[in-house]
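So the sequence shown is numbered by my numbering: it starts at 1 and just counts up by one. Backbone N, C-alpha and C define an ideal beta-carbon position, used for all residues, glycine too. Everything on this sheet refers to the single structure shown next.
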Amino acid sequence: MRNKEGYKDPTAGQAIDNIKADDRKADLVIKIIKLVCAQAGYQAVCTQRSLRIIELVIRR
């Protein structure tokens, strides 16, 4: 990643990589919850996802 002057900016690149890694982890957790619910005969529906909250509704 480069800054507006065209110089390399590894700090910004690392920050973006960290955010992407956190998103991948959150997606994996949601997939696992949905699979566990499906095995138990329930359905997990993600109704809201923001920076701090993932709201899941689990229904039969």
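- Query: Candidates G6, R2, K25: which alpha carbon is nearest Q14's?
  - Reply: For the set G6, R2, K25, the Cα lying nearest the Cα of Q14 is the one of R2.
- Task: Report the partner residues of R59 according to the DSSP bridge assignment.
- Result: Q43
- Closer than 7 angstroms by C-beta to C37: which residues in its own chain qualify, once you throw out the five before and the five after it? Chain order, please. Q43, A44, I58
- Message: My output table needs one value for K8: the three-state DSSP class, helix, strand or coil.
- Response: Looking at K8 - three-state DSSP - the assignment turns out to be strand.
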